[in-house]
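This report refers to the structure that appears directly beneath it.
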Amino acid sequence: MNSILQLFIRHGGLLTLLVVEVFCFYLISSYNSEQGEIASASWARYSGAVLNWKAGWEDYFYLRDENTRLRLENAKLQTELANTRLIEVPYRDTFLRKGQIDTLENKIIRPRYVLISARVVSNTISNRNNWMIINRGSEDGVQANTGVISRNGVVGVVRYVSDHYAVVMSVLHGQTKVSAALKKHEYFGPLIWDGENPEYMTLTDIPNHLQIQPGDSVQTSNYTLLFPEGHPIGWVDKAEPVQGSNFFKIQVRLSQNPANVRDVYVVTNRYAEQLDQLQQAVKDE
Amino acid sequence: MNSSIVLPNVWRFVGLVLIQVLILSEVSLTSDGYINVLLYPLFILLLPIETPTPVAVLLGFTIGLTVDIFFGTLGVNASAGALSGYARAVLLHRFAPKGGYTGKEVIPAPVYFGWRWFIGLAAAFYAIHIFWYFAMAYFTPLYIWSKVLPHTLAAWPLSMAVVVVLVRLFHPKV
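Protein sequence lines, in the order shown, are assigned to chains V and L.
Residue numbers for the first sequence follow the numbering used here, beginning at 1 and rising by one.
Residue numbers for the second sequence follow the numbering used here, beginning at 1 and rising by one.
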């Protein structure tokens, strides 16, 4: 206690002054009519600015909460965006009553995708086979074999899931195969990584009679079960015809650089299982 | 703190407030005129050199508030007095003689440090006090050039003259 007193005596002069002056300002503006009028006029005039300034600081302190809220909001909007590209069933189709009615388009829409926002907590790009870990797991609704996208492009595929984390096979992995299409021609083919430059992937099986220019957009195809269809992947960097075949080998520059991906969404296709079963049925015949 | 240090300060407090209120009020602090003499801050200036700063601030506030009660300007002199209590500590540090204060000098008076030193200190001290007094009296930056500074520049030499005369007459040592 004595040492606190000592400290106050040594450094408390300014503190005392500030406290006393605040009290004096109160006295002056409460008990002197002229100064009181000046004070209230000034307050009326500047309180807006002061309150604005205060609100600015509060915004700053709530940025973290705001960020979380925005991420959830983004997931919701991305879900809606993904679903709008989706199965649109004619309104009069009496066999499909489940779904939402889009009153503008007069159609029934069955939402196909659910997006869960997540953050990449671990990432590699320098190996032949690269993996990421995201901070969402089975308790958050993440399932294995679901796609992972970012706002700008595709990121990978969920492989293993724990309660609160999931391991994602990066697009920079020998086994990754993304069904990609050229936006302009709607031809599609598998997109793979040759293990060299982490900013580029290779698209094959595109017929070489097509006119393809560098800069053409590449997006997810309509046949993928992992990603929302029409989600951006990148742009054509160069297209070379493969000797002795009818196809191009197209180098695609990724719109989402895997090196600096941070905020991602796990895409769950609600009909993946059904579609998978149907495809299996055909295969077994 | 023994009574030989406290008592003279109590008398100075009472005496300076009485002079300010009874005599100087006839010419100053009452009208919008330019003849103002602020004498009471001399009490703050002549507090013992070893007075802790928070105590000086509170004593400055107290004498200012006392004067305010007589003049009906609650808070105006109190604010200037508190600031003076703090400014005094800063100025004493600035004006410290070579090798610092020895402890033999009880108060910052010309008896110990000479007239040149005292007038320099008092001039800086009074400039701060008087400026802040008028700043609080007009209470808006709009009047700084038209009112606050002219009044300060008028009251400053007048007050200094009265202070010098009084200190010369009483020759305070404690």
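For every residue, glycine included, the Cβ atom is placed at its ideal position computed from N, Cα and C.
Residue i to residue j span [Cα, whole Å]
| i | j | result |
| --- | --- | --- |
| S159/L | P108/L | 18 Å |
| A55/V | W11/L | 52 Å |
| N130/V | A144/V | 17 Å |
| Q213/V | K249/V | 13 Å |
| L15/V | T62/L | 17 Å |
| A75/V | P241/V | 39 Å |
| I134/V | C24/V | 57 Å |
| S255/V | V282/V | 35 Å |
| Y40/L | N67/V | 58 Å |
| A89/L | A127/L | 15 Å |
| G60/L | Y34/L | 24 Å |
| V174/L | I5/L | 6 Å |
| H185/V | D284/V | 32 Å |
| K104/L | E26/L | 39 Å |
| G195/V | L115/V | 29 Å |
| F134/L | V37/L | 12 Å |
| E199/V | V266/V | 21 Å |
| V170/L | A124/L | Correcting the residue identity first, residue 170/L is Phe in this sequence and not Val. Near 22 Å, if we compare the C-alpha coordinates of A124/L and F170/L. |
| G13/V | Y101/L | 19 Å |
| P172/L | F71/L | 28 Å |
| V158/V | V264/V | 12 Å |
Sequence-distant residues of its chain with Cβ nearer than 7 Å to residue i (five each side left out)
| i | result |
| --- | --- |
| S30/V | G36 |
| E229/V | R85, T220, S221 and N222 |
| A349/V | One cannot answer for residue 349/V here, as it falls past the ends of chain V, which runs 1 to 285. |
| L22/L | none |
| D237/V | Y200, P214, Q251, V252 and R253 |
Per-residue contacts from residue i into chain L (C-beta, under 9 Å)
| i | result |
| --- | --- |
| I4/V | None at all; the shortest Cβ gap to chain L is about 13 Å. |
| V133/V | For clarity, residue 133/V is Ile in the given sequence; the question names Val instead. By Cβ distance, chain L contributes nothing, its closest Cβ being about 57 Å from I133/V, past 9 Å. |
Outcome for residue i when other beta-carbon atoms lying within 10 angstroms are tallied against a minimum of 16
| i | result |
| --- | --- |
| V14/L | exposed |
| V252/V | buried |
| L43/V | With the sequence shown as reference, residue 43/V is identified as Trp, and Leu is not the correct amino acid for it. With fewer than 16 Cβ atoms within 10 Å of its Cβ, W43/V is classed as exposed. |
| P258/V | buried |
| D65/V | exposed |
| A96/L | exposed |
| F118/L | buried |
| E21/V | buried |
| Q280/V | exposed |
| L317/V | Only positions 1 to 285 of chain V appear in this structure, which leaves residue 317/V out of reach. |
| H209/V | exposed |
| W115/L | exposed |
| I233/V | buried |
| A41/V | exposed |
| D163/V | exposed |
| F131/L | buried |
| R270/V | exposed |
| G153/V | buried |
| V106/L | buried |
| L7/V | exposed |
Chain V residues whose Cβ lies nearer than 7 Å to that of residue i
| i | result |
| --- | --- |
| G103/L | Correct list: empty, because the minimum Cβ distance to chain V is about 17 Å. |
| F61/L | V20 |
Cutoff 6 Å; reference residue i; Cβ partners in own chain excluding five residues on either side
| i | result |
| --- | --- |
| V261/V | V120, S150 and V155 |
| L203/V | A180, G189, L191, I250 and V252 |
| D205/V | G189 and F247 |
| L183/L | Outside the shown range of chain L, which is 1 to 174, sits residue 183/L, and nothing can be said about it. |
| T224/V | S179 |
| T94/V | At T94/V, the pLDDT of 44 sits below 50, so the modelled position is not reliable; the number obtained from the coordinates is stated separately. The answer is none, since no qualifying residue turns up. |
| Y86/L | V57 |
| L142/L | none |
Chain-ordered chain V contacts of residue i [CB-CB under 8 Å]
| i | result |
| --- | --- |
| V84/L | Note that residue 84/L is Ser in the sequence shown, not Val. Going along chain V, no residue has its Cβ under 8 Å from S84/L, so there is no contact; the nearest lies around 10 Å. |
| A89/L | G13 |
Residue i at chain C interface by Cβ criterion, 8 Å
| i | result |
| --- | --- |
| T51/L | Here the protein chains are V and L, and chain C is not one of them. |
Interface residues of chain V facing residue i [CB-CB closer than 9 Å]
| i | result |
| --- | --- |
| L158/L | By Cβ distance, chain V contributes nothing, its closest Cβ being about 24 Å from L158/L, past 9 Å. |
| F70/L | Within 9 Å Cβ-Cβ: nothing; F70/L doesn't reach chain V, min ~14 Å. |
Chain L contact residues for residue i, given Cβ-Cβ distances below 7 Å
| i | result |
| --- | --- |
| T16/V | P54, V57 and L58 |
| L27/V | L74, G75 and A78 |
| Q35/V | F139 |
| L46/V | Reading off the sequence shown, one finds Tyr at residue 46/V, where the question assumed Leu. Within 7 Å Cβ-Cβ: nothing; Y46/V doesn't reach chain L, min ~12 Å. |
| I125/V | Chain L residues near I125/V: none, gap ~59 Å exceeds 7 Å. |
Residue i Cβ short of 7 Å to the ligand FAD heavy atom set
| i | result |
| --- | --- |
| M201/V | Inclusion of the ligand FAD in the displayed structure is not the case, the ligand content being empty and no account of it being possible. |
Chain L contact residues for residue i, given Cβ-Cβ distances below 8 Å
| i | result |
| --- | --- |
| Y31/V | L74 and G75 |
| I116/V | Correct list: empty, because the minimum Cβ distance to chain L is about 56 Å. |
Worksheet entry | Inside the segment 12-78 of chain L only - alpha helix (DSSP H) runs reaching at least 4 residues | Secondary structure within the segment 12-78 of chain L: the alpha helix (DSSP H) runs of 4 or more consecutive residues, fully enclosed, are 41-45 and 53-71 (chain order).
Item to complete: Any chance you could list the alpha helix (DSSP H) runs of at least 4 consecutive residues sitting entirely within the segment 69-154 of chain L, in chain order?
Response: Runs of alpha helix (DSSP H) with 4 or more residues, each lying fully within the segment 69-154 of chain L, are found at 76-94, 110-113 and 115-138, listed in chain order.
Worksheet entry | In chain order, each beta strand (DSSP E) run of at least 3 residues that lies wholly inside the segment 189-274 of chain V | Here the runs fully enclosed are 200-207, 217-220, 232-241, 247-254 and 263-269.
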